[in-house]
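There are 4 protein chains.
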Amino acid sequence: MLVVMQAGASEQQVQGVIDRLVNMGFTVHRSTGVTHTVLGGVGPVEDFEPADFEVLDGVKECHRIISPYKLASRSFKPGGTVVKIKDVEIGGNSVVVMAGPCSVENVDQIEMSAEIVAKAGAKVIRGGAFKPRSSPYSFQGMGEEGLKIMRAAADRNGLLVISEVMDQSQLPLLCEYADILQVGARNMQNFNLLRAIGNVRTPVLLKRGISATVEELLLSAEYILSGGNYDVMLCERGIRTYETMTRNTMDISAIPVVKKLSHLPILGDPSHGTGKREFVVPMARAAVAAGADGLLVEVHPDPDRAVSDGAQTLKPGQFEEMMQQIRLIAQAVGRSA
Amino acid sequence: MLVVMQAGASEQQVQGVIDRLVNMGFTVHRSTGVTHTVLGGVGPVEDFEPADFEVLDGVKECHRIISPYKLASRSFKPGGTVVKIKDVEIGGNSVVVMAGPCSVENVDQIEMSAEIVAKAGAKVIRGGAFKPRSSPYSFQGMGEEGLKIMRAAADRNGLLVISEVMDQSQLPLLCEYADILQVGARNMQNFNLLRAIGNVRTPVLLKRGISATVEELLLSAEYILSGGNYDVMLCERGIRTYETMTRNTMDISAIPVVKKLSHLPILGDPSHGTGKREFVVPMARAAVAAGADGLLVEVHPDPDRAVSDGAQTLKPGQFEEMMQQIRLIAQAVGRSA
Amino acid sequence: MLVVMQAGASEQQVQGVIDRLVNMGFTVHRSTGVTHTVLGGVGPVEDFEPADFEVLDGVKECHRIISPYKLASRSFKPGGTVVKIKDVEIGGNSVVVMAGPCSVENVDQIEMSAEIVAKAGAKVIRGGAFKPRSSPYSFQGMGEEGLKIMRAAADRNGLLVISEVMDQSQLPLLCEYADILQVGARNMQNFNLLRAIGNVRTPVLLKRGISATVEELLLSAEYILSGGNYDVMLCERGIRTYETMTRNTMDISAIPVVKKLSHLPILGDPSHGTGKREFVVPMARAAVAAGADGLLVEVHPDPDRAVSDGAQTLKPGQFEEMMQQIRLIAQAVGRSA
Amino acid sequence: MLVVMQAGASEQQVQGVIDRLVNMGFTVHRSTGVTHTVLGGVGPVEDFEPADFEVLDGVKECHRIISPYKLASRSFKPGGTVVKIKDVEIGGNSVVVMAGPCSVENVDQIEMSAEIVAKAGAKVIRGGAFKPRSSPYSFQGMGEEGLKIMRAAADRNGLLVISEVMDQSQLPLLCEYADILQVGARNMQNFNLLRAIGNVRTPVLLKRGISATVEELLLSAEYILSGGNYDVMLCERGIRTYETMTRNTMDISAIPVVKKLSHLPILGDPSHGTGKREFVVPMARAAVAAGADGLLVEVHPDPDRAVSDGAQTLKPGQFEEMMQQIRLIAQAVGRSA
């Protein structure tokens with residue numbers, strides 16, 4: 004950590020900060036400049052807030068030099084992580100598509116979805132059994148019954164299952180039926196849930212919160228990794244900005260940024276990223292072009308009748324077209340799909 | 004709901020939308036204009052997404068006319084809600100201050116805090132027993148022991164207790180020791196937790212998420228109210244913007260906006276709103292001047308030694324000064340404090 | 004325009020709004036619903052603010068139905084605009100790359116840049132002769148001398164010239180030397196400048212402001228188009244959000260959104276969009292994959308010595324690599340580059 | 004400036020950065036830590052971008068220690084600036100209110116406005132003669148005729164005149180008729196205009212851009228100050244966020260932040276800050292409570308008939324009420340109004 008003292012800070016103020024640093028376990032290097040004294044704190048301490056130093060007498064500003072996450076950082080595993088589930092590898096050469104409806108509604112809908120998804124070349128079927136909704140008056144999901152339907156349809160079509168876990172109490176159920184746990188954007192900083200997921204060994208897809216920074220996303224991944232669950236995948240799904248033409252603003256640049264800072268695979272979710280069906284395909288292409296390891300996409304046999312998220316859900320024909328275009332883009336960036 | 008058809012929408016497209024509306028239970032009024040046909044849907048249906056209509060063939064745009072929340076809306080209780088807890092009234096004439104440290108650290112710290120808080124005229128002591136932190140390596144709270152310490156100190160000083168509930172599983176414990184449950188910004192859309200809180204009868208302070216709209220805040224309140232827990236208070240604590248001089252941007256205008264849209268009391272939290280001690284007092288004054296029913300403020304006997312949030316925590320002398328200034332501002336807006 | 008009256012609005016209030024609408028030249032359609040009366044205003048009036056109606060007595064909300072821009076809208080020219088300059092077509096099948104240094108520094112730098120740019124297959128050289136800088140103490144540009152250098156280097160290498168106009172007074176000079184006028188993000192709503200550009204016949208590239216909506220970008224284009232200058236190209240170059248890993252957040256989704264709403268070509272500027280050299284190439288790929296008609300990119304013979312924007316400027320080798328990758332992506336989306 | 008080298012940076016890389024710093028005129032202090040080498044650059048150089056160093060080989064990050072503005076910084080004039088114009092002092096003990104319509108429409112409107120404004124105790128009349136509008140089809144202002152009307156009405160009522168300058172070419176006219184030049188949010192970074200204003204001696208009110216940081220606002224003030232025009236006042240008028248209940252989000256915390264960082268007076272504009280008449284008065288109170296030196300407010304004899312900005316313009320009765328409340332708040336914070 005670097006602490007920059009104010010111009011004209013007194014020797015007593017400098018000493019006060021040094022004492023505080025030493026008490027916390029830092030070794031301190033002092034550099035006395037013409038206008039500013041700079042203190043460098045070196046040591047094993049990571050549990051500190053730079054802001055706490057900035058309010059000390061005589062301090063101008065404070066900078067953290069070592070990133071607050073470790074296991075999630077690229078330097079921990081420079082070659083990158085490949086998450087292997089059965090015969091599917093995420094983070095390897097192949098761009099992996101996970102697709103399906105927002106909510107599990109009934110057997111027919113999921114059977115049809117699984118066929119559409121598998122036929123077009125996706126590897127994982129998605130579908131929500133527990134649906135958190137902004138309004139308490141909305142449909143809330145089929146629960147375990149929905150998971151059973153998903154599992155059966157996936158097995159029949161050679162697909163993996165991804166489904167969202169909303170709460171610690173649902174974890175055993177999800178681990179039983181799903182191959183990948185999804186943590187939604189609203190739960191990205193539900194630290195109790197993250198900790199619990201760190202203790203299971205089912206792979207997890209962690210979605211970025213709508214106002215989370217990339218650093219916060221990596222810190223949330225760290226919660227899971229530090230529990231011993233190393234199969235963590237990240238997902239960019241749009242952040243909240245002032246623009247209203249799209250439901251969220253999909254931060255495509257987060258993809259190369261995560262690639263630089265972390266070894267974890269990163270996927271893109273153009274359905275939530277845009278909120279509008281007509282923009283999903285171009286943004287799916289953009290995500291892959293920017294280096295995404297996969298996509299999470301909503302598709303439904305008849306999206307205009309979907310109980311949730313219909314507006315951002317692709318029709319079967321659109322999905323097939325997307326898969327074809329993605330394949331070409333993946334090749335253009337030296338990958339397969 | 005109003006559905007505006009595209010210029011040149013065909014009669015078949017118009018009929019398609021009418022059919023969909025009627026199937027959903029709406030009565031439809033049709034108005035054929037020179038360029039655009041407009042359909043008005045009237046009825047008991049509230050569980051719908053305008054976006055789902057905007058993707059139908061021939062539709063240009065769709066507007067929800069009736070707000071998606073009901074019990075939280077001002078029209079439900081035009082006179083406003085006053086939450087009464089023992090002899091404290093929140094939402095009445097008095098501006099109520101809730102203050103204390105970020106985290107419960109030990110008995111002495113809380114005893115000293117309670118004295119500082121009570122002596123300066125605040126009515127409620129705050130303090131966290133369960134601490135969710137962005138980093139898994141940070142201090143995580145004292146748990147039940149912390150709640151006991153708070154309760155004892157509050158009782159000795161004639162104060163109420165507010166403390167944060169992070170998870171359904173903590174609810175029985177919190178209800179036992181605290182007078183007010185706090186729902187933090189990160190849990191504002193943890194709908195399972197909100198639902199559970201709707202089923203208890205302990206008053207609750209619901210904080211706005213850092214990227215939540217006011218409408219989403221009111222929808223989250225609706226979750227609690229619809230369970231039968233009517234003692235809901237709201238709290239503005241800063242939203243995330245591009246400005247970095249403050250940790251968050253405290254949206255003071257949310258105070259009069261909530262007053263207009265809802266009957267629920269609204270408080271301001273200038274500690275989280277600014278993240279920096281030196282800006283807390285002016286923003287506390289601003290919140291009260293804008294019409295806040297109370298404040299939630301961090302104060303600590305020795306904030307530079309606090310285990311968390313020290314940078315935004317007032318020193319005892321600053322807190323007393325704030326209380327004096329708040330009293331004058333409250334009088335200027337026709338209230339007491 | 005649709006005016007929705009409040010539930011319980013009096014007949015007098017409804018009549019007041021009708022009178023106001025009629026006075027403004029609207030024909031009014033009235034639809035009396037169970038809870039809300041809705042008034043539809045039809046007519047030639049476009050110069051109005053919906054907000055002005057929302058403050059009238061008894062009004063709940065007001066929606067504009069017809070977009071406030073006309074000449075810029077897709078419906079004005081459904082087939083799309085192709086801007087033709089000498090043998091270059093922007094908005095056609097080919098993805099056109101405009102590249103060069105941020106600032107014109109000297110003859111050698113521009114000569115070298117022009118060679119790099121032309122050799123790699125770009126069609127237009129960029130370079131600023133007038134440099135507006137956030138700090139008054141920074142380098143401010145070479146002025147006319149810089150434009151001459153650009154022109155000569157471009158002619159020698161078969162390139163077009165694009166350069167930024169900062170102020171009306173510079174317009175004659177720019178029109179003399181440049182093939183394309185660039186309007187920077189900070190001037191997107193400099194309406195006096197836009198009006199002046201509408202009166203010349205030099206093609207113009209209009210960059211989106213860092214906090215402009217897509218609608219505002221199209222309204223600014225309308226200023227130019229309404230003056231009779233139809234050769235307008237738009238450019239997405241990043242918007243300001245809370246994320247700090249990139250200098251701006253490049254809103255890739257603005258590309259398909261503009262394609263839907265407008266007939267004007269849209270380019271992407273990954274240099275300003277990211278602010279960091281290492282993210283420029285993936286974001287260039289993403290822009291093309293999302294459907295951009297071209298790119299505006301900073302490249303410099305020795306960017307670490309550039310007088311401005313060095314951090315986001317590609318090295319020659321990186322630029323060549325980008326051009327090769329762009330070519331593959333363009334083919335994948337059915338275009339050439 | 005502090006340059007932090009990457010862990011494992013080679014001696015050659017460190018030397019490369021040192022050479023670059025020395026070439027730029029910095030004196031370099033080197034501090035070799037266990038994991039990171041830190042270089043401190045001291046010297047007279049201010050025209051540099053930290054980002055340009057972050058792309059050098061082996062560099063991890065770079066921090067600017069000395070703020071890029073000087074004349075605008077608090078340390079340049081610790082006691083604060085009081086702008087004196089005739090008998091009005093802005094930045095002193097008194098909270099000064101500047102009020103009037105958005106646009107000058109005709110003689111009667113301005114005469115009535117001036118009376119309303121003066122009678123209620125405001126000191127300055129505002130009104131726009133040149134109106135930049137988002138749409139090219141909107142009313143564009145009365146020009147010089149409007150300024151004459153303003154001047155006459157102000158003189159008759161003992162008021163000062165503030166009016167907006169949109170373009171260098173209007174500067175002589177504005178300086179002739181107005182006591183204070185207003186620079187609008189859209190021109191905050193129109194550096195040519197700022198430079199021109201720096202060369203006149205008419206006081207200026209500089210409004211913060213809707214996506215400008217406080218640091219950028221101070222840099223823009225620096226442009227004016229560095230030209231020798233020291234009578235600069237700043238104005239917070241709302242920033243763009245995702246919240247749509249208000250037109251902008253008025254960043255009240257910018258008031259104490261500016262007070263800390265700069266010696267220049269800071270005003271609040273609750274009309275543009277909220278965009279809605281009903282929220283103007285509470286936000287005016289909040290601004291004064293937070294320490295604003297004055298207010299800029301829109302009032303009109305009949306705002307529902309105003310040609311522009313009617314929705315955010317106070318009615319005469321509301322304005323009088325605001326003035327009374329402001330007076331009480333000013334007293335509560337130890338000032339007068």
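Chains as they are written, first to last, in the working numbering: chain A, 4 to 340; chain B, 4 to 340; chain C, 4 to 340; chain D, 4 to 340. We put the CB at the ideal spot given by N, CA and C, even for glycine.
Secondary structure of Gly83(D), DSSP reduced to three states: coil
Range covered by the beta strand (DSSP E) that runs through Arg129(C): Val127 to Arg129
Residues of its chain near Ile341(B), where Cβ-Cβ distance is below 8 Å and the 5 sequence neighbours each way are ignored: The displayed coordinates of chain B run from 4 to 340. Any statement about residue 341(B) would go beyond what the structure contains.
Glu114(D) - containing alpha helix (DSSP H), residue span: Val110 to Lys122
Residue of Pro285(D), Gly231(D) and Val6(D) minimising C-alpha distance to Gln321(D): Pro285(D)
At least three beta-carbon pairs within less than 8 Å, the segment 71-90 of chain D to the segment 104-112 of chain D: no
Boundaries (first-last residue) of the beta strand (DSSP E) holding Ser166(C): Leu163 to Glu167
CA nearest to the CA of Ser166(B), picked from Pro206(B), Asn202(B) and Phe194(B): Pro206(B)
Contact list for Ile93(C) against chain A, beta-carbon separation under 9 Å: The contacting residues do not exist; Ile93(C) stays about 19 Å from chain A at best.
Residues bridged to Gln106(B) (per DSSP): Correcting the residue type first, residue 106(B) is Ser in the shown sequence and not Gln. In DSSP, Ser106(B) forms a bridge with Gly131(B).
Per-residue contacts from Leu5(C) into chain B (C-beta, under 8 Å): Leu5, Val7, Val41 and His66
Collapsed DSSP secondary structure at Ile242(C) in the structure displayed: strand
Three CB pairs or more closer than 8 Å across the segment 17-32 of chain B and the segment 231-246 of chain A: no
Which of helix, strand or coil DSSP assigns to Thr247(C): coil
The alpha helix (DSSP H) enclosing Met153(C), as first and last residue numbers: Glu147 to Asn160
Segments assigned alpha helix (DSSP H), at least 4 residues, entirely inside the segment 206-285 of chain B: 217-228, 257-264 and 273-277
Ranges of the alpha helix (DSSP H) found wholly within the segment 14-96 of chain C, counting only runs of at least 4: 14-27 and 53-57
Rounded separation between Asp158(C) and Asp312(C) - CA only: 25 Å
Validate contact between the segment 321-333 of chain A and the segment 55-67 of chain B using beta carbons, cut 8 Å, 3 pairs: no
Among Met145(A), Met27(A) and Val85(A), the one whose alpha carbon lies nearest that of Gln173(A): Met145(A)
Classification of Gly297(D) by the beta-carbon crowding that lies within 10 angstroms, buried from 16 upward: buried
Delimiting residues of the alpha helix (DSSP H) encompassing Gly320(D): Pro319 to Ala335
Selected residue, minimal CA-CA separation from Val300(B), among Asp55(B), Lys87(B) and Ala102(B): Ala102(B)
Assumed close pair Gln16(C), Met8(C) - CB separation to whole angstroms, cut-off 8 Å: 7 Å
Supposed contact pair Met4(C) and Arg67(C) - C-beta distance, whole angstroms, cut 8 Å: 6 Å
Beta-carbon gap between Ala188(D) and Lys210(D) smaller than 8 Å: yes
Cβ-Cβ distance between Gln328(A) and Val283(A) below 8 Å: no
With 16 other Cβ atoms within 10 Å as the buried cut-off, status of Arg280(D): buried
At least 3 beta-carbon pairs within less than 8 Å: the segment 86-100 of chain B vs the segment 145-155 of chain B: no
Beta carbon proximity, Met101(D) to chain C, threshold 8 Å: no
Distance between Phe56(C) and Ala43(C) (C-alpha atoms, nearest Å): As written in the sequence, residue 43(C) is Gly, which differs from the Ala given in the question. If I take the Cα positions, the gap works out to 12 Å.
DSSP state of Ser341(D) mapped onto helix, strand, coil: With chain D covering 4 to 340 only, the question about residue 341(D) has no answer from this structure.
Pick from Leu197(C), Phe51(C), Ala12(C) and Val203(C) that is closest to Cys178(C), judged by C-alpha positions: Val203(C)
Option in Ser214(A), Lys318(A), Pro319(A) and Asp305(A) with minimal Cα separation from Gly276(A): Ser214(A)
One or two residues paired with Glu179(C) in a DSSP bridge: Paired residues: none, contrary to the question.
Any C-beta of chain D under 8 Å from that of Arg159(A): no
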